[in-house]
Structure formats: C-alpha cells, structure tokens
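Protein chains in written order, with our numbering: chain C, 12 to 121; chain Y, -13 to 99. Backbone N, C-alpha and C define an ideal beta-carbon position, used for all residues, glycine too. Before any comments, here is the structure.
Printed below as a string of structure tokens:
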C-alpha cells in the first residue's frame, strides 16, 4: 500500500517568517514529487514539482527532496496571509498513479 | 494561460441515477486523470487515461465508473447508479507526460440525494 504522510497541522507562523512543511512517502520507487496549494472549496493548485534529489527554488518557494530518507519538504519564505491554505504533498509512481497526502493546514498571522 | 475546464460546477442527482461529468483538458496534454475529494478528506486518485485507454485505476474505480474521450477535446467520467457515498468533489487533471506535473480543473461538486 503506497502512502504519503503529512502532519495535518495547523501550522501557524507570523507574517514574514519561514513556513516549513514536511512529507514522507512509503515507496522507494516513487519518481515525481509535487506540492499543491488548496484553498477551502477550491481545486489543488500546483506550486512546485521536483524530480531529483536536492533543492529546487522558485520565488519564495523551495522544495527539498531526499530519496534515501523518503522525505520531501516545502519551505515558504516571507510568508504572507494569502499563503494561508492547505498544502498537499503528492507522489507519483510509474507515471500513471499519483497519491496525495491529507495535507497540512497553514495559517499565516498578520 | 491554458487551463483545464469542467462542467457542470455542481450536479445534484438522485440515488440510482447516472451522471456524466465533463472535462476539457489542456489542449496539448496527453495524459488525463480523475480524482475525487470527499468533504474534509484527502484527494483520492480514481483513474488515469492515455492513448484512449485506462492506464491505471484505483480500487475505488469499480464497475460503476467509466471514462471516455468521445472526441478530440472532451474527457468524461460516467457514474452509473449513483450512491449516497459518491457525493464528493470530482477533479479532472491533465499532464503533458506521464509522471509530470498535473494541472487540475475547478472541479464538479456532485451531490447524491
């Protein structure tokens, strides 16, 4: 059974701080890793993807992947109240099946 | 910017009825997916579709579900004989390549009464 685990939160950070979100996955064969943001009542919005070990930066977002530890994380720098949402970690196996974690709720306090 | 579209945004149906949810994937994408999200729960994979056939399906995707690409732009999910527990948001997604990033449509909220 392939699983993706996330701390449900809520994670609360002050405006301007760094938010750190974590995710672990069960299958070493996993190939692609994604972070989605989901506002209440809306669809998942892709914010980062990473395919190889290391860090990947895009604006205020950094995704980190460690395949040996089966761990992927998302850092949000200079957090804004508009970043308050649920962040979903998703892991893809063999191209055709993607499993989502339950998500971490983030609150950024103004 | 290209986007995935879905219709209708909200569908109400009676238990036992058939529903068809429609999606228009991003035009140059080749891989299509359906997910569902029951209120307050995680996004669940239902099925992936490539080259006019199902590539992978989950245990949720039983005989009451079917998918079709009836023409060059639409991708549909049919649920036969709906049950109360089918009430959920259904999301369509598409990607350029299998395993690549998937872009989601806005979803169809299905309510079975």
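Residue burial classification, residue 77(C) (beta-carbon count within 10 angstroms, cutoff 16): exposed
Give the secondary structure of residue 85(C) by DSSP, where H, G and I count as helix, E and B as strand, and everything else as coil. strand
Span separating the alpha-carbon of residue 117(C) from that of residue 72(Y): 29 Å
In the DSSP assignment, find the beta strand (DSSP E) that holds residue 47(Y) and state where it starts and stops. No beta strand (DSSP E) holds residue 47(Y); DSSP gives it neither H nor E.
Within 10 angstroms of its Cβ, does residue 94(C) collect 16 or more other Cβ (buried), or is it exposed? buried
Hey, which unbroken runs of the beta strand (DSSP E) at 3 residues or more fall wholly within the region 32 to 88 of chain Y? 39 to 43, 51 to 54, 61 to 65 and 74 to 81
Mind checking if residue 92(Y) is an interface residue toward chain C, Cβ cutoff 8 Å exclusive? yes
Could you check the C-alpha separation between residue 26(C) and residue 36(C) for me, to the nearest Å? 30 Å
Within the 8 Å Cβ cut-off, does residue 41(Y) reach chain C? yes
Could you give the distance in angstroms between the alpha-carbon of residue -5(Y) and the alpha-carbon of residue 96(Y)? 9 Å
In or out: residue 1(Y) buried (at least 16 other Cβ within 10 Å) or exposed? exposed
Strictly below 7 Å CB to CB, what residues from chain Y border residue 113(C)? 28
Mapping the DSSP letters down to three states, classify residue -6(Y) as helix, strand or coil. coil
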